[in-house]
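Asker: Last residue of the sequence shown: 98 (my numbering), numbering continuous. Glycine included, each C-beta is placed from N, C-alpha and C at the ideal position. Since the model is a prediction, treat every value here as computed from it, not as a measurement. Just passing along the structure, written as structure tokens.
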Amino acid sequence: MGNRTVALVLLLLLVGIHAQLWEGRGSIPQVREMRSQLAAQQGANERARQANERLAAEVQDLREGLDMVEERARTELGMVRQGEIYVQVVPARR
Numbered sequence: 005m006g007n008r009t010v011a012l013v014l015l016l017l018l019v020g021i022h023a024q025l026w027e028g029r030g031s032i033p034q035v036r037e038m039r040s041q042l043a044a045q046q047g048a049n050e051r052a053r054q055a056n057e058r059l060a061a062e063v064q065d066l067r068e069g070l071d072m073v074e075e076r077a078r079t080e081l082g083m084v085r086q087g088e089i090y091v092q093v094v095p096a097r098r
């Protein structure tokens, strides 16, 4: 009778572990679903990273473009910002 009880307890534990494997927290289907969600999130993160890089490049282009416009306005047209004083230094002739 003792061997049967031990065998029955072990069988019940095995069934419990098996049920946990297929139905409980951390089960195979749940892990599969979480991996699927992780892959989808990683894809979304990659798309967002690429979009951020494109936006950063656009911002840099706009900054450089505005700097170029300002530089040309200063050198070619002699324009100054509000509150600045323009002083032109002419080299002395010998």
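Which residue comes first and which comes last in the alpha helix (DSSP H) that contains His69?
Answerer: What sits at residue 69 in the sequence shown is Gly, not His. 32-81 is the extent of the alpha helix (DSSP H) around Gly69.
Asker: In the structure shown, what three-state DSSP assignment does Gly20 receive?
Answerer: Note: Gly20 maps to helix in three-state DSSP.
Asker: For Thr9 and Val19, what's the separation of their Cα atoms in angstroms?
Answerer: Rounded to whole angstroms, Thr9 to Val19 spans 15 Å at the Cα level.
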